[in-house]
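As structure tokens, the structure follows; a few thoughts come after it.
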Amino acid sequence: SQYQIAVVVGSLRRESFNRKMADAIVKLAPADFVFKQVQIGDLPLYNQDDDGNPAESVKRLKAEILAAQGLLFITAEYNRSIPGVLKNAIDHASRPYGQSAWVGKPAGVLGVSVGAAGTAMAQQHLHNVLSYLDVPTLGQPEAFIQNKDGLFDEAGNIGEDSKKFLQNWMDTYVAWVKKQNA
Ligand code: FNR
Numbered sequence: 002s003q004y005q006i007a008v009v010v011g012s013l014r015r016e017s018f019n020r021k022m023a024d025a026i027v028k029l030a031p032a033d034f035v036f037k038q039v040q041i042g043d044l045p046l047y048n049q050d051d052d053g054n055p056a057e058s059v060k061r062l063k064a065e066i067l068a069a070q071g072l073l074f075i076t077a078e079y080n081r082s083i084p085g086v087l088k089n090a091i092d093h094a095s096r097p098y099g100q101s102a103w104v105g106k107p108a109g110v111l112g113v114s115v116g117a118a119g120t121a122m123a124q125q126h127l128h129n130v131l132s133y134l135d136v137p138t139l140g141q142p143e144a145f146i147q148n149k150d151g152l153f154d155e156a157g158n159i160g161e162d163s164k165k166f167l168q169n170w171m172d173t174y175v176a177w178v179k180k181q182n183a
């Protein structure tokens, strides 16, 4: 059987390092894991008044989350937290009350930043939000990734220096998602 993984990238930037990471790290997964990046850039700003009449983009997001057996968040850190665009997407798919799409979906959390702390604070905040939403998260290994020369090779794959570490992360994630779905 296949495992559908909804990948949520916490950056809308065209040349986003986090999107590059999302494109690259999925190549380290086995063939029975199928990853799909969900689009969050076209979501309206969340407004509770619209709960009864959600935009098409909101319905699409919720359907994609509901169809998945796992989640992978790869996020930028903005001002020591998660970017507003990511929180907006999380809020959208969590509503209306009692109809959250997130419940029980096992999630991995990764992030790339230009700073040495490698999105550690953003990931901490994200863990807090996901915990409230009843999303089990992989605790170890943690991956706080700094963007530097060689993180990606010319073809956009994970570079040699980071390959072993991120392969181990992916192997652990894959085994854990399977266990969560068993
Ligand atoms: C940043 N950046 C940043 N980096 C970091 O390590 N900690 C932080 O708190 C912040 N804060 C922050 C706020 C805002 C508004 C911006 C635009 C940027 C820098 C950030 O790591 C850098 O822009 C990355 O390139 C963002 O990830 P993407 O867009 O490349 O995926």
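Residues 2 to 183 in the UniProt record's numbering are what the sequence shown lists, from first letter to last.
Just so it is clear, CB atoms sit at the ideal spot from N, CA and C, and this is done for glycine as well.
Check: residue i C-beta below 6 angstroms from any heavy atom of ligand 1
i	result
S114	yes
A7	no
E143	no
Y174	no
R15	no
N89	no
E78	yes
S163	no
F18	yes
R61	no
R81	yes
First through last residue of the beta strand (DSSP E) which encompasses residue i
i	result
Q124	Counting along the chain, Q124 falls outside any beta strand (DSSP E), though it belongs to the alpha helix (DSSP H) covering A121 to Y133.
F74	G71 to T76
S58	Here S58 belongs to no beta strand (DSSP E); instead the alpha helix (DSSP H) covers E57 to A68.
A7	Y4 to G11
V35	F34 to Q38
I146	F145 to Q147
Contact under 7 angstroms by Cβ, residue i with residue j
i	j	result
G140	L87	no
I66	A94	yes
Q3	V35	yes
A123	G112	yes
R15	D52	no
S132	E78	no
Straight-line Cα distance separating residue j from residue i
i	j	result
Q168	P137	21 angstroms
residue 188	P31	Outside the displayed range of the chain (2 to 183) lies residue 188, so it cannot be described from this structure.
A68	Q5	7 angstroms
Q147	Q40	24 angstroms
L62	K179	23 angstroms
G71	D150	31 angstroms
L127	G119	14 angstroms
A144	G116	14 angstroms
V130	K165	29 angstroms
L13	M22	13 angstroms
Residues near residue i by beta carbon distance below 7 angstroms, same chain, minus five either side
i	result
V59	L44 and H93
N158	A25 and K28
L46	N89
I83	G11, T76, A123, H126 and L127
Segment limits, alpha helix (DSSP H) that includes residue i
i	result
Q168	E161 to N182
V104	Looking at the DSSP string, V104 is not in any alpha helix (DSSP H), and its letter there is neither H nor E.
F18	F18 to I26
L87	G85 to A94
Residues near residue i in its chain [Cβ-Cβ closer than 6 angstroms; skip 5 each side]
i	result
V9	V39 and F74
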